[in-house]
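Only one structure is covered here, and it is reproduced in the block below.
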Amino acid sequence: MAFLKNLSKNNSISLYKFSGDNFRTKTNNSLIDNEKYVKVSFIDFETTGLDFEKDEVIEIGLRTIAVNKHDYQDFYSVKNYESYNDTNNLIDEEVTMLTGITKDMILGKKIDWVEVESILKISDVVVAHNATFDRWFLEKHVDFKNIWACSKADINWKDRGFLNTKLELLSIWHGFYYDSHRAMNDVNATIHLLLHPSYENYSPLEELVQNSKKEHHLIINKFPYNQDTIGKLKRRRGYRYNPSDKSWRTLVRDKDLLENEVEWLKENIYNGYFQGEIQQIPLTDKYKIK
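Taking our numbering as reference, the numbering of the sequence shown is continuous, increasing by one, and the terminal residue is 291.
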């Protein structure tokens, strides 16, 4: 991939370990109130499992950085918070194997959700590497009106030369590794990845912030059962069946792509006349599970 070729020497590749303890910090409000800087909060949760309804948060990592809007290179860490969180739920064995977090480690610990909310209030954008997952668990505890962005979906990694969007792989392809699957470690790695020094201009973070301002649109298609039509939608990436209203849906993240998708539906599904429904998703509802 893009940077590995530059790192190769004598048929070997050297990776450095990134711990996130070298971020420049500003603890006063000078940058928080400075309009020349965009405030971006990165958040990550470790949970007892992957079930949105049943599982609970066991660890949070949250860091807000202030980034100069002019070059997206000059940045400071201005707020950070991390904590374990005790829960009545058992921790899935696979979660412990992946994260190393045990029940003894979280016993008696509680996240200060008031502190979390206060940090989010200063943020222009909230970022997670799988925004739908982290937003869901945050909404169980905090009421917020932030714009959300996803560092997997709101950056065109393919155009940058990367076909896999897993955080560990993207990190390795950018020349570093870290102790993954711990909340603050994942947060720090995401920040380092999106502001990687190899990008002299138009960093992934700048692309993400730009895309965070684009509204999403949900296309909802309903039609009598037809195996050929369903087959076309299945072959068209991104469509999912919603059993509650028997519709086929896809989320479109760009206005130009929306127009192209409607034209495709006209030609392939609706015999020339679009009969589906388009719902505009507000910026503050992006990556929200309804």
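We treat Cβ as the ideally placed atom computed from N, Cα and C, and that holds for glycine.
- Between residue 115 and residue 43, the CB-CB gap reaches or exceeds 7 Å.
- Counting along the chain, residue 138 sits inside no beta strand (DSSP E); it lies in the alpha helix (DSSP H) bounded by residues 132-140.
- Within the same chain, 223 come within 8 Å of residue 247 by CB-CB distance, once the 5 residues on both sides are set aside.
- Rounded to the nearest angstrom, the Cβ distance from residue 182 to residue 47 is 7 Å, consistent with a contact under 8 Å.
- If you look at residue 252, you'll find it in the beta strand (DSSP E) that goes 248-253.
- Its chain contains 179 and 180 as the residues whose beta carbon lies nearer than 6 Å to that of residue 186, once the 5 sequence neighbours on both sides are disregarded; these appear in chain order.
- Residue 168 carries a helical assignment under DSSP once its states are collapsed to helix, strand and coil.
- One alpha carbon belongs to residue 74, the other to residue 201, and they sit about 8 Å apart.
- In the DSSP assignment, residue 241 falls within the unbroken beta strand (DSSP E) covering 241-243.
- Of the candidates 124, 11 and 41, the residue whose Cα lies closest to the Cα of residue 207 is 41.
- Judged by DSSP in its simplified three-state form, residue 266 adopts helix.
- For residue 114, the uninterrupted alpha helix (DSSP H) segment begins and ends at 114-122.
- Nearest neighbour of residue 80 by Cα position, chosen from 67, 134 and 86, turns out to be 67.
- Under DSSP, residue 18 takes part in a beta bridge, and its partners are 178.
- Taking C-beta atoms as the reference points, residue 92 and residue 104 count as a pair closer than 7 Å.
- Judged by their CB atoms, residue 235 and residue 269 are not nearer to each other than the 7 Å cut-off.
- Under the DSSP assignment, residue 63 falls in the beta strand (DSSP E) whose first and last residues are 58-69.
- With contacts defined by Cβ atoms closer than 7 Å, residue 70 and residue 18 do not form a contacting pair.
- Straight-line measurement puts the Cα of residue 102 at about 31 Å from the Cα of residue 76.
- Looking at the DSSP output, residue 81 shares a beta bridge with 64.
- Taking each of 39, 21, 64 and 90 in turn and checking the Cα distance to residue 52, the smallest one comes out for 90.
- DSSP places residue 95 inside the alpha helix (DSSP H), whose first and last residues are 94-100.
- Excluding its 5 nearest sequence neighbours in each direction, residue 35 has C-beta neighbours in its own chain below 8 Å: 67, listed in chain order.
- Its chain contains 125, 126, 127, 213, 214, 284, 285 and 287 as the residues whose beta carbon lies nearer than 8 Å to that of residue 148, once the 5 sequence neighbours on both sides are disregarded; these appear in chain order.
- By the criterion of a C-beta distance shorter than 6 Å, residue 130 is surrounded in its chain by 152, 153, 168 and 191, once the five residues flanking it on both sides are discounted.
- Cα atoms of residue 144 and residue 86: separation of roughly 19 Å, rounded to the nearest angstrom.
- Under a 10 Å Cβ-count criterion, residue 290 is classified as exposed, with fewer than 16 other Cβ atoms of the shown protein chains found around its own Cβ.
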